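For the sequence shown, my numbering gives the first residue as 3, with consecutive numbering after it. One structure is given here, and the rest of the page talks about it.
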Amino acid sequence: MCGIAGFIYKLGNIEKALRIAERLHRGIRHRGREAKGIAIIILKGKKIVDILNAYARNIEELYTKEFYDIIKRKTLGADRIVIMLHSLHSVVNHLAQPLIDKDKVFVSNCEIYNWKKLGRARNDAEALFRVVKKYNTHRDLHDLVKLLDGQYALAMFKKSKLLLMRDPIGINPLWYSPLEHRIVIHGKEPYLKALNKKELRRKGDNTLFIFSSEKSVLIKLGIDPRELNPRSYLLVDMDGFIERHYTPLSRILGLRGLDKVFREYLPEELDIATINKHSSTLQELLIKAVEKRIPNQDFGILFSGGLDSAIIALIAKRIAERKGVKIYLFTAYTNTPRALKELEHAKELAKILGVELIKQEVKQGDVEKIIKLISSPNPVKIEVGLVTYTATLLARRRGIKVMLTGLGADDVFIGYNRQRKYPFYLGRESYANLLSIYEKDL
3 MCGIAGFIYK LGNIEKALRI AERLHRGIRH RGREAKGIAI IILKGKKIVD ILNAYARNIE
63 ELYTKEFYDI IKRKTLGADR IVIMLHSLHS VVNHLAQPLI DKDKVFVSNC EIYNWKKLGR
123 ARNDAEALFR VVKKYNTHRD LHDLVKLLDG QYALAMFKKS KLLLMRDPIG INPLWYSPLE
183 HRIVIHGKEP YLKALNKKEL RRKGDNTLFI FSSEKSVLIK LGIDPRELNP RSYLLVDMDG
243 FIERHYTPLS RILGLRGLDK VFREYLPEEL DIATINKHSS TLQELLIKAV EKRIPNQDFG
303 ILFSGGLDSA IIALIAKRIA ERKGVKIYLF TAYTNTPRAL KELEHAKELA KILGVELIKQ
363 EVKQGDVEKI IKLISSPNPV KIEVGLVTYT ATLLARRRGI KVMLTGLGAD DVFIGYNRQR
423 KYPFYLGRES YANLLSIYEK DL
């Protein structure tokens, strides 16, 4: 979990641009505590005048008076800058970002499981950069998504354009806003004006486009953020004009008619032999999915004691023993009869598994804190956020960097009680849930 952010700025008051950068950086610093990085691309027209970069352990070491003075000198005579920011949470080798290669600058929040197969690189972020920077056409980007196995949100500056994209399910967050009178282009879709145009005009802001992995920091800046659709990518020019491209999930996965397969699926049509065959395939896929996510260090599981997290815990324990790393179970609960009953069940399962269960009660005061953090009144997001926030705080105190969850299993495997009432719509709803899971649960 890293933090990324950045913006395109029409030069006027360079100090104001740097203050925006510092506020953005502070808003994503909790997403990576090991290093902070900044890259400033200085432009005159479409020509790059210079690319400056700096890295430090914390924000205070980065945004110094000396740093401000250097940027002021270097930007004299320029008319645009692009600032790209990163907060590092290192799992695979320590490599500070932004990454720079000649006229290309890259930031990402990623876990690419097949990164070693993509070419020589020091970690998954560098492997991702080396693949993404080769794109020249829309087909290249389409092929890129099929090549990657993992979750990611990224931004890259190349050829006077800013590319934004994320994994097709939308596991890693990415928010953006076109500012002033910028136009969003998408096929024949009519152009849209930014909702906060008047606010920015009143403040005299020269920001043309802004993005962040944190929704809340954009809201604090007085910006109305939009979540990037996972099946879309954006190309933003230096005037802030956006070109948006969308690809259906079935095409991304190379499975034509995927929606039809989901729609026409009926459980009663399957015989025992077919069920056994699919069960064996599913077991194999589940083991592979868990195995590639387990790091070469101690890790945790967000554990409710339900079927999904119990299956993951069982698989993960066997793999952890083979790798020689330790596994912990983390659970958060409320002081209600139902939650306390589920806690007892989680304790019993943890005992059977022989894995330590670390638990924490969710306090009433945490609700307001979570609403502010996720910037949403959505009850489902608040519920998920409360559990995740409390459990991950426990994990951090243990020095745990990687957490596995069973989130999404109900959506894909028809786990909601309401779905049993309408068997003819099971596949259709499951597919719809998969497409929208990033809006509700992630």
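Virtual Cβ for every residue (Gly too), placed ideally from N, Cα, C. Predicted model only: the values in this text are computed from it and were never measured.
Would you mind reading off the limits of the alpha helix (DSSP H) that contains residue i?
i      : result
Val382 : 381-399
Ile171 : Per DSSP, Ile171 belongs to no alpha helix (DSSP H) and is neither H nor E.
Arg246 : Here Arg246 belongs to no alpha helix (DSSP H); instead the beta strand (DSSP E) covers 244-248.
Tyr65  : Looking at the DSSP string, Tyr65 is not in any alpha helix (DSSP H), and its letter there is neither H nor E.
Ile321 : 309-325
Ile254 : 251-254
Phe9   : Run containing Phe9: none in the alpha helix (DSSP H); it sits in the beta strand (DSSP E), 5-12.
Ser218 : 217-222
Glu346 : 339-355
Could you round the C-beta distance between residue i and residue j to whole angstroms and report it? I think they count as a contact, below 8 Å.
i      : j      : result
Lys76  : Leu54  : 6 Å
Asn235 : Leu143 : It is worth fixing the name first, because residue 235 is Tyr in this sequence and not Asn. 6 Å between Cβ atoms; contact.
Tyr65  : Ala37  : Rounded, the Cβ-Cβ distance is 14 Å, inconsistent with contact.
Trp177 : Leu220 : 6 Å
Leu304 : Met405 : 6 Å
Ser2   : Asp239 : Nothing can be reported for residue 2: it is not among the residues displayed for the chain, which extend from 3 to 444.
Glu363 : Tyr335 : 6 Å
Gly410 : Ile439 : 6 Å
For residue i versus residue j, is the C-beta distance shorter than 8 Å?
i      : j      : result
Ala101 : Phe108 : It is Leu, not Ala, that sits at residue 101 in the sequence shown. Contact: yes.
Asn138 : Val94  : no
Leu251 : Pro381 : no
Ala322 : Ile329 : yes
Thr333 : Ser306 : yes
Arg82  : Lys12  : yes
Gly242 : Leu288 : no
Arg33  : Met3   : yes
Ile30  : Ser89  : yes
Lys442 : Lys383 : yes
Leu355 : Lys325 : no
Asp151 : Asn116 : yes
His140 : Lys403 : no
Thr407 : Asp368 : no
Ile85  : Ile42  : yes
Leu436 : Asp413 : yes
Leu164 : Arg25  : no
Asp103 : Ile50  : no
Gly5   : Gln99  : no
Lys148 : Ile225 : no
Suppose you measure from the CA of residue i to the CA of residue j; what does that come to, to the nearest Å?
i      : j      : result
Ala7   : Phe213 : 5 Å
Ser215 : Asn231 : 13 Å
Met167 : Arg233 : 8 Å
Glu17  : Ala23  : 10 Å
Val447 : Leu146 : With the chain covering 3 to 444 only, the question about residue 447 has no answer from this structure.
Ala157 : Lys365 : 37 Å
Lys118 : Lys343 : 44 Å
Phe131 : Cys112 : 11 Å
Ile72  : Pro180 : 29 Å
Phe415 : Lys67  : 55 Å
Asn208 : Gly14  : 7 Å
Gly121 : Asp300 : 27 Å
Leu87  : Thr276 : 51 Å
Ile360 : Thr390 : 13 Å
Leu309 : Leu351 : 10 Å
Glu370 : Leu388 : 10 Å
Glu286 : Asn278 : 12 Å
Gly401 : Gln153 : 22 Å
Arg228 : Lys217 : 8 Å
Arg246 : Gly302 : 37 Å
Glu524 : Pro339 : Outside the modelled stretch of the chain, which goes from 3 to 444, sits residue 524, for which no answer is possible.
Ala291 : Pro297 : 13 Å
Leu396 : Val327 : 18 Å
Asn60  : Arg21  : 16 Å
Gly47  : Ala123 : 33 Å
Val386 : Leu78  : 48 Å
From which residue to which residue does the beta strand (DSSP E) around residue i run?
i      : result
Leu87  : 82-90
His96  : Here His96 belongs to no beta strand (DSSP E), and DSSP marks it neither H nor E.
Phe415 : Premise fails: Phe415 is in no beta strand (DSSP E) and is neither H nor E.
Lys361 : 359-363
Thr209 : 209-214
Leu331 : 329-335
Asp239 : 234-239
Please find out if some non-hydrogen atom of the ligand ADP comes closer than 7 Å to the beta-carbon of residue i.
i     : result
Ser89 : For the structure depicted, the ligand ADP is absent and the ligand set is empty, with no information on it obtainable.
Of all Cβ atoms in chain C, is any one closer than 8 Å to the Cβ of residue i?
i     : result
Gly39 : In the displayed structure, chain C is absent; only one protein chain is listed.
Exercise. What are the uninterrupted segments assigned as beta strand (DSSP E) that are 3 or more residues long and contained completely in the segment 104-177, given in chain order?
Worked result: 106-114, 152-160, 163-168
Exercise. Which whole runs of the beta strand (DSSP E) in the segment 269-306 are 3 residues long or more, in chain order?
Worked result: 301-304
For this session: For the segment 28-62, list the alpha helix (DSSP H) runs that are entirely contained and at least 4 residues long, ordered along the chain.
Result: none
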